[in-house]
Amino acid sequence: MRKILQNPENCAVVRTVGYIGNKWKPIILIRLLNGGKVRFGKLCVQMADISRKILSQQLKELEEDGLIIRHSYMEKPPRVEYELSELGKTLIPVLKAMFDWGNQIAPPEQQCTWDPVVK
3 MRKILQNPEN
13 CAVVRTVGYI
23 GNKWKPIILI
33 RLLNGGKVRF
43 GKLCVQMADI
53 SRKILSQQLK
63 ELEEDGLIIR
73 HSYMEKPPRV
83 EYELSELGKT
93 LIPVLKAMFD
103 WGNQIAPPEQ
113 QCTWDPVVK
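The opening residue of the sequence shown carries number 3 in my numbering; numbering runs sequentially from there.
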């Protein structure tokens with residue numbers, strides 16, 4: 003189980019950052035926004051810069067926090083898929099706001115469009 007840092011001001015922003023505020027979690031959540039279940043291997047391909055160990059650790063933390071759901075199938079070979087939970091889906095406006103702000107401060111040549119297929 004991961005350690006939750008003390009929040010001296012009981013600040014909601016600090017609490018939110020505690021759940022999604024590291025390098026990989028927002029990227030993982032955005033990869034899961036397209037809906038449906040995504041296999042671990044596909045996440046590895048889509049996020050080539052992350053090691054399998056770190057990806058696995060981040061997915062486990064997101065699952066423990068109730069933001070994603072892990073589906074494990076007892077097949078040969080074993081198959082594991084992930085999807086956003088209902089709680090995780092409530093982060094869509096937060097992630098969109100973070101995207102908009104980041105895009106706003108980016109130089110024009112680095113600006114992009116929000117492309118997850120989410121209504």
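From the three backbone atoms N, C-alpha and C, an ideal C-beta is built for every residue, glycine too.
Only a predicted model underlies this, so the values are computations on that prediction, with no experimental measurement involved.
*Does the region 7-17 touch the region 39-52, meaning 3 or more C-beta pairs lie closer than 8 Å?*
Contact annotation: the region 39-52 does not touch the region 7-17, with fewer than three C-beta pairs closer than 8 Å.
_Minimum C-alpha distance to K98 - residue among V47, L35, P110_ = L35
*Identify whether I32 lies in helix, strand or coil by the three-state DSSP scheme.*
helix
_For F101 and W116, the rounded distance between their alpha carbons_ = Answer to the nearest angstrom: the Cα atoms are 7 Å apart.
*Roughly how far, in whole angstroms, is the beta-carbon of I70 from the beta-carbon of S87, given that I think they are within contact range, below 8 Å?*
With 8 Å as the limit, I70 and S87 qualify as a contact, their Cβ atoms being about 6 Å apart.
*Determine the contact status of E85 and K25, defining contact as a CB-CB distance below 7 Å.*
no
_Span separating the alpha-carbon of N105 from that of P118_ = Looking at the two C-alpha atoms, the distance is approximately 15 Å.
_Helix, strand or coil at E63 according to DSSP, with G and I counted as helix_ = helix
*Confirm, please, whether the CB-CB distance from I30 to Q60 is below 7 Å.*
yes
_Counted within 10 angstroms of its Cβ, other Cβ atoms place Q64 as buried (16 or more) or exposed_ = Here the sequence assigns Leu to residue 64, which means Gln is not the residue at that position. Burial of L64 is indicated by the presence of at least 16 other C-beta atoms within 10 angstroms of its C-beta.
*asked:* DSSP three-state label for L86, please.
replied: strand
*Beta-carbon proximity list for S74, same chain, < 6 Å, skipping 5 on both sides*: V82
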